[in-house]
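J.: Offset between the sequence shown (1-based) and my numbering: plus 19.
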Amino acid sequence: MSGTGRRPTLKDIAAETGLSMAAVSYALRGLQGTPETQARVQEAAERLGYQADPVARALASGRSGSIGVLCASLEDLWQQRLAAALGRELLAPDRNAWIIDSAGDADRQLQLAQHLVDHRADAIVVIPIDPGAKAWAKIAQQAAVIAIGDALPAAKAKSEVLFDNEAGVSTALRRLAEAGHRNVAVLSPSRRFEVERPAEEIAQRVAFGLRLKIRIVPCPHDLAGATEVARAMLTSDPRPTGVLALADSMAFGVYAACSELGIRLPDDLSLLGYDDQPMSQLLCPPLSTFHWPLDDLVADVVARVTSAVDTNRRVRRTTVEPTLIERGSVAAPPTTA
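See below:
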C-alpha cells in the first residue's frame, strides 16, 4: 500500500502499469482488455491496496448498485421467504439488495421509498400497503419501481408482477359457500388508515354474488396479535363458521385461539389460508391454503429489475395465479350454525 496515508486511486494504478486511467477502469471491471492486461491491473490494484470508491463509481456510471426491496411487513412469513429469495438472487459483484420492513404502515412505506430515491437506489421493488396512494406517482418518476402483488394505478411503474387475487379470493369464498357456509370472516392485513386493499374489494363483491354474510377483520401477521384478533372474532355473536385468512401467518392465530376456546377445526370452524407456508401442512388438521409459485415469481422480478436498470424501459405487467391446496381444514358448518 502507498506510504503517503492517502487512499490509492485509479491514477496510481495507471502510473504503476503504464496504462491510461480509462483502460485501468475498464480492466478492473472486466469490460475491456486482454486477460493478461486485466490480470496485470488487478495485481497492481491489490499490491497498492486499491479499493473502488462506490460513491465515485455511482457518480460516474449513474448507478449505485443498490436495489431496495420494500416489504409491507416482515412479520408476514411469506414476505420473509420472498425477501430472502430476492436478496439472494439480486446479489452480484456490482449489485446488492437492501431489505426494508415497512411494519404495516402505509405512510412509513412511502417515506422509506423516498429515502431509497434520495440514496440513489437503482430500482425499488415494493409490496405496496396502499397501492392507490398518489405519492407513488412522484416516486416512480424518480426511480424504477417494480410492484409485487397489487398494481400502482397512480404511478407509471417500470413493471408490475401482480397476484391474481380475483381468482384466489373467488375460489376461496366459493369453496366455503359450496361447503354450506353463509357467515364468513376474512382476515386482512391490519392498517392504520381506512385503505381498502384490492383483495378486500374482491371479497366483498364476490360474497355479495354468493349471498354470503361477510366481515372484513383487520389482522396483524404476528402470532400474538393474530391470536388476539381471532379470539375476539370467535367470541363475537354471531360467530363465523368459515374464515379466509389472507396470509397463513394470520391463520396460525386462528389455530391458537381455537385451541384456547375449545373450538374444533374443521368440525366447528372451517379455515382457509392464502400462501402455503411449509409449516401449514404440519398443523392438526393441516391447513387448506393457496400455493403461489415463489421461485417463478422471484425469477420474473429479478429479470424485470435487470431490464429496468439496464434499459430504463417499461415491461408489460404479468399475473401470478394461485393453486388451491386442499388439506382438511374445511368441512360443512355445524348443524346448529
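Here a beta-carbon is modelled for each residue, glycine too, at the ideal position from N, C-alpha and C.
Pull the bridge partners of GLU179 from the DSSP assignment, please.
T.: Looking at the DSSP assignment, GLU179 forms a beta bridge with ALA166.
J.: Just how far apart, CA to CA, sit GLY347 and ILE86?
T.: GLY347 and ILE86: Cα-Cα distance of roughly 41 angstroms.
J.: For a test of the three-state rule: what should DSSP assign to GLU184, helix, strand or coil?
T.: It should be pointed out that residue 184 corresponds to Asn in this sequence rather than to Glu. Residue state, collapsed to three classes: helix.
J.: Is any beta-carbon of chain D found at less than 8 angstroms from that of GLN223?
T.: Absent from the structure: chain D. Only one protein chain is present.
J.: Can you tell which of ARG193, SER207, ARG139 has its C-alpha closest to the C-alpha of ALA350?
T.: The shortest C-alpha separation from ALA350 is found at ARG193.
J.: Could you spell out where the alpha helix (DSSP H) holding LYS157 opens and where it closes?
T.: LYS157 -> alpha helix (DSSP H) spans 154-161.
J.: Just how far apart, CA to CA, sit ALA125 and ARG25?
T.: Distance between the alpha carbons of ALA125 and ARG25: 45 angstroms.
J.: Can you tell me the Cα-Cα spacing of SER80 and ALA152, whole angstroms?
T.: Note that SER80 scores a pLDDT of 49, beneath 50, so its modelled location is shaky; the value from the coordinates is reported in the next line. Cα to Cα, SER80 sits roughly 32 angstroms from ALA152.
J.: Measuring CB to CB, does ASP183 end up less than 8 angstroms from THR337?
T.: No, they are not a contact pair.
J.: State the start and end residues of the unbroken beta strand (DSSP E) segment that holds CYS90.
T.: It spans 85-90 - the beta strand (DSSP E) in which CYS90 sits, taken as one unbroken run.
J.: For PRO150, which three-state DSSP category applies?
T.: In the structure shown, PRO150 sits in coil (DSSP, three-state: anything other than H, G, I, E or B).
J.: In or out: LYS177 buried (at least 16 other Cβ within 10 Å) or exposed?
T.: Looking at its Cβ environment, which holds 16 or more other Cβ atoms inside 10 Å, LYS177 is buried.
J.: Quick check on DSSP: helix, strand or coil for SER39?
T.: The answer is coil: DSSP assigns SER39 none of H, G, I, E or B.
J.: Using a 10 Å radius around the Cβ and a threshold of 16 neighbouring Cβ atoms, would you call ALA41 buried or exposed?
T.: The residue is exposed, with fewer than 16 neighbouring Cβ atoms inside 10 Å.
J.: Please list, in chain order, all residues of the same chain as LEU109 whose beta carbon is under 8 angstroms from its beta carbon, the five residues on each side excluded.
T.: Hits under 8 angstroms: ILE86, VAL88, ASN115, ALA116, VAL321, VAL324.
J.: Who does ASN202 pair with in a DSSP beta bridge?
T.: Beta-bridge pairing links ASN202 to LYS232.
J.: Excluding five sequence neighbours on each side, which residues of the same chain lie with their C-beta closer than 7 angstroms to the C-beta of ASP14?
T.: The chain is shown only over 20 to 356; residue 14 falls outside these bounds and no answer can be derived.
J.: Please report how far the alpha carbon of PHE227 lies from the alpha carbon of LEU253, in whole angstroms.
T.: Each residue's alpha carbon lies about 22 angstroms from the other.
J.: Out of LEU96, SER92, ALA102, LEU291, point me to the one whose CA is closest to VAL317's CA.
T.: Measuring from the Cα of VAL317, the nearest candidate turns out to be ALA102.
J.: Report the rounded CA-to-CA distance for PRO259 versus ILE235, giving the unit in angstroms.
T.: Cα-Cα distance, rounded: 11 angstroms.
J.: When the Cβ atoms of the segment 266-284 are set against those of the segment 215-225, are three or more pairs found closer than 8 angstroms?
T.: Not touching, per the Cβ criterion.
J.: Throw me the rounded Cβ distance for the GLN128 and ILE148 pair, which I believe falls under 8 angstroms.
T.: Contact flag correct, Cβ pair sits at about 5 angstroms.
J.: If you follow the beta strand (DSSP E) that ALA103 is part of, which residue opens it and which one closes it?
T.: Premise fails: ALA103 lies in the alpha helix (DSSP H), 96-109, not in any beta strand (DSSP E).
J.: Are GLY187 and PHE309 closer than 8 angstroms when you measure CB to CB?
T.: Yes.
J.: Report, in whole angstroms, the separation of the C-beta atoms of VAL203 and LYS157, which I expect to be a contact under 8 angstroms.
T.: Not a contact, Cβ separation roughly 39 angstroms.
J.: Output the distance between the C-alpha atoms of GLY261 and ASP315, rounded to the nearest integer angstrom.
T.: For GLY261 and ASP315, the distance between alpha carbons rounds to 31 angstroms.
J.: Should GLN98 go down as buried or exposed, given a rule of 16 or more other Cβ atoms within 10 Å for buried?
T.: With 16 or more other Cβ atoms within 10 Å, it is buried.
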